[in-house]
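Peer 1: In my numbering, the protein residues as written are 38 to 381.
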Ligand code: TYM
C-alpha cells in the first residue's frame, strides 16, 4: 500500500524488546547498542519492555516479572539514561492495548497470514497457537504508532513486522480519511550488527530459543564463558582469514565473526580484514574474544549491580511509564475522535 508520507510531526524513535529468555549478543548489537548510539546522537527515544508480547507464548508469572526487570537493567546498563530516554513496561501504558483493538479492525487477515514469525513460532500446530500470537504484529504496530514514532531501530528479523506497521498506518489514514495522521514508520536496520548469526551455524540467526547454549553469547555470560564460546565457534576449512570482503562469500561463519568484530569495534568489515586478512583463526579468535569481553564486561557488571537492588530499575520504569503515558494519551484521544467514538 502506498501513500504520500504527509506526516509532519517530530522525529521520534520507538523500539521494544521481549522479556523472554536471556538477552544475547544479537539483541545487543541489533538493538541495545543502536538505542544508546541514537540517544547519544540526540534522538528522542522511547524504549519498551514488551511484556504483553511475551504472554503470547506460555510464561510463568514470576519469570515474567524477573525477565522484565532484566531487560530494563540491560537497557540501562547498555547506556540508556532514563532521564534522557523513556524506558518503560508495555503493560503499564494502556494505550497499547486500546490501539491494538482499533488496529485489529484496520489490519487484514491476509496480511497477518503472511507473517513468517507466526509460522515459525506456531509450528505445525497453528490451530493451537494463541490468538495473541497471530495478532502479535498488530500489537507491535500499536506500540510504535501510539507514540507516532517515525523511526524504529531493530535487527533485520523485524523487517516484515515493520512493513506491516507501515501498511496499518497507511490504511488507517486512508480508511478514516485522515491523511498524514500516522507517520509511516521507517526501520533503522542497516549496520554491521543487524543480523548476528549463531556461533555454531553461520546460516542460522543467533536466537534466544536455540537449544545449543554455545550458539550464542548471553549478556550475562562471564568473561571466561564469552572467551570460551568464541574460541569454540565454528569456522571452516578454507584456511586463513580472507584478505577482502569478497573472500567472505560462501564462508558464513567467518563472515559472522568478522561482522561481530566490526560491530563491536565500530569498524567496517574492510577495516577488520585489513588488520586480520591472511592471519589464522588462532590470531583472530583471541583478539575477538578480548574485544567482546572488554566491550561486554562493563555492561554485564552494571546489569548485575542494578539487579542486585532493583529499586533503581523500578523507579526508572515508574517514571518511564508516566512519560510514555503523557505522550500516548493525547494521541489516543485524537484517535478516538478520528474513529468516531462517543466523547462526553
Ligand atoms: P526481540 O525481543 O525478539 O528482539 C529484540 C531486538 O533484538 C533484535 N535481534 C537481533 N538483531 C541482530 N541479530 C540477531 N540475531 C537478533 N536477534 C534479535 C531484534 O530485531 C529486535 O530489534 N517483536 C520484537 C519486539 C517489539 C518491537 C516493538 C520492536 C515489540 N514491539 C515495536 C520494535 C518496535 C521482538 O520480539 O524483538
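Yeah, the Cβ is synthetic: ideal placement off N, Cα and C, and Gly gets one too. It should be emphasised that the depicted structure is a prediction, and the values quoted were computed from it without experimental measurement.
Just to confirm, is the Cβ distance from residue 153 to residue 211 under 8 angstroms?
Peer 2: Cβ atoms of residue 153 and residue 211: not closer than 8 angstroms.
Peer 1: To which residues of the same chain is residue 268 closer than 8 angstroms at the C-beta, ignoring the five residues directly before and after it?
Peer 2: Once the five neighbours on either side are set aside, the close Cβ partners of residue 268 are 322, 323 and 326.
Peer 1: With a Cβ-Cβ cutoff of 8 angstroms, do residue 88 and residue 119 count as a contact?
Peer 2: Their beta carbons are not under 8 angstroms apart, which means residue 88 does not touch residue 119 by this criterion.
Peer 1: For residue 90, is the beta carbon positioned less than 7 angstroms from some heavy atom of ligand 1?
Peer 2: Indeed, a heavy atom of ligand 1 lies less than 7 angstroms from the Cβ.
Peer 1: Kindly give me the distance between the Cβ atoms of residue 317 and residue 277, rounded to whole angstroms, as I take these residues to be in contact under 8 angstroms.
Peer 2: Confirmed, about 5 angstroms.
Peer 1: For residue 131, count neighbouring Cβ atoms within 10 angstroms of its own Cβ and tell me buried if that reaches 16, exposed if not.
Peer 2: So residue 131 counts as exposed.
Peer 1: With a threshold of 16 other CB atoms inside 10 Å of the CB of residue 279, please say whether the residue is buried or exposed.
Peer 2: Burial call: buried.
Peer 1: How long is the line joining the alpha carbons of residue 137 and residue 171, rounded to whole angstroms?
Peer 2: Using only the alpha carbons, I get a separation of about 13 angstroms.
Peer 1: Identify whether residue 117 lies in helix, strand or coil by the three-state DSSP scheme.
Peer 2: Note: residue 117 maps to coil in three-state DSSP.
Peer 1: Is the beta carbon of residue 256 less than 8 angstroms from the beta carbon of residue 111?
Peer 2: Contact flag set, yes.
Peer 1: Counting only runs that start and end within the stretch 252–298, where is the alpha helix (DSSP H) found for 4 or more residues in a row?
Peer 2: Complete alpha helix (DSSP H) runs here, min 4: 260–268.
Peer 1: Between residue 385 and ligand 1, is there a pair consisting of the residue's CB and a ligand heavy atom that are separated by less than 7 angstroms?
Peer 2: Residue 385 lies beyond the range of the chain shown here (38 to 381); nothing can be said about it.
Peer 1: Going by CA-CA distance only, name the one from 236, 80 and 375 that's closest to residue 63.
Peer 2: The candidate whose alpha carbon is nearest that of residue 63 is 236.
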